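Each remark here refers to the structure printed beneath this line.
Numbering (this note's numbering), first residue to last: 118 to 336.
Here is the structure:
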């Protein structure tokens with residue numbers, strides 16, 4: 118089975134830049150699945166390997182028995198050089214009012230290299246969007262017109278970071294920090310704006326719409 122595990126690792130390197138957690142999620146498994154396989158704790162089932170073969174155009178003979186070439190066609194694939202497009206929406210996040218809907222106008226589709234997303238951010242383009250910053254409430258970290266890359270899958274506050282939130286129908290980009298007794302502090306990096314403290318059960322008045330994981334700026 119060592120050969121199978123070696124080939125499994127090679128698939129992860131090719132299609133997910135070696136990111137085991139990302140590969141697991143993209144193939145419908147728990148984040149720890151690929152690591153468990155690579156360490157020999159579990160073995161992938163044949164139906165799962167067939168799924169990999171179909172999803173990534175990998176030869177099943179190569180995957181199961183090491184026979185022939187890795188890919189079904191004669192062209193060597195490199196998923197890392199693939200260009201993916203992430204939608205930039207016509208919405209600005211700030212300390213002011215605003216609203217968020219999935220029907221918001223898409224201004225453009227911006228290209229990113231798939232390998233860069235996977236290696237640098239540990240993410241794929243799925244559920245990623247781009248929005249612009251408005252105002253000075255997050256200076257010096259973020260400035261007006263900065264472009265934010267938002268992971269829409271991170272809608273639960275797990276750890277401190279910068280999130281796009283909706284509070285009382287106002288759309289904001291703020292730093293969230295957990296406080297004792299289940300409280301959440303909403304922080305503006307600009308000290309001219311005082312922090313806001315919320316209870317953990319603030320209900321419909323507070324939503325996390327995604328986590329900021331990268332920003333771009335024109336100098």
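By construction, the Cβ of each residue, glycine as well, lies at the ideal position given by its N, Cα and C atoms. Owing to the predicted nature of the structure, the values given are computational and were not obtained by experimental measurement.
Under 8 Å between C-beta atoms of residue 264 and residue 241: The answer is no: Cβ separation not under 8 Å.
Residue span of the alpha helix (DSSP H) that contains residue 259, given as start and end: Run containing residue 259: none; DSSP gives neither H nor E here.
Selected residue, minimal CA-CA separation from residue 225, among 247, 237 and 243: Per the Cα distances, 247.
Cβ-Cβ distance between residue 274 and residue 304 below 8 Å: Going by C-beta atoms, residue 274 is not nearer than 8 Å to residue 304.
Per-residue DSSP class, three states only, for residue 128: Three-state DSSP puts residue 128 in a helix.
Cβ neighbours of residue 136 in the same chain (closer than 8 Å, five flanking residues each side left out): So the qualifying residues of the chain are 129, 235, 236 and 239.
Delimiting residues of the beta strand (DSSP E) encompassing residue 291: Element bounds for residue 291: 287-295.
Beta-carbon proximity list for residue 201, same chain, < 6 Å, skipping 5 on both sides: Cβ neighbours of residue 201 beyond the five flanking positions: 229, 231 and 242.
Simplified DSSP state of residue 192, which is helix, strand or coil: With a pLDDT of 47 at residue 192, under the threshold of 50, the modelled position of this residue cannot be trusted, and the question is left open.
Pairwise C-alpha distance: residue 125 and residue 158: Rounded to the nearest whole angstrom, the CA to CA distance from residue 158 to residue 125 is 14 Å.
Inter-residue spacing [alpha-carbon to alpha-carbon] between residue 216 and residue 288: Here residue 216 scores only 47 on pLDDT, less than 50, and its place in the model should not be relied on; the value that follows carries that caveat. For residue 216 and residue 288, the distance between alpha carbons rounds to 6 Å.
Coil, strand or helix - residue 310 by DSSP: Residue 310 falls in the coil class under three-state DSSP.
Alpha carbon of residue 272 to alpha carbon of residue 323, nearest angstrom: Between residue 272 and residue 323, the C-alpha separation is close to 11 Å.
Boundaries (first-last residue) of the alpha helix (DSSP H) holding residue 298: Element bounds for residue 298: n/a, residue is neither H nor E.
Cβ separation of residue 267 and residue 329, assumed to be a contact under 8 Å, to the nearest whole Å: The Cβ separation is near 6 Å, so the contact holds.
Cβ separation of residue 166 and residue 176, assumed to be a contact under 8 Å, to the nearest whole Å: A Cβ-Cβ separation of about 11 Å leaves residue 166 out of contact with residue 176 under the 8 Å criterion.
Secondary structure of residue 122, DSSP reduced to three states: Three-state result, residue 122: helix.
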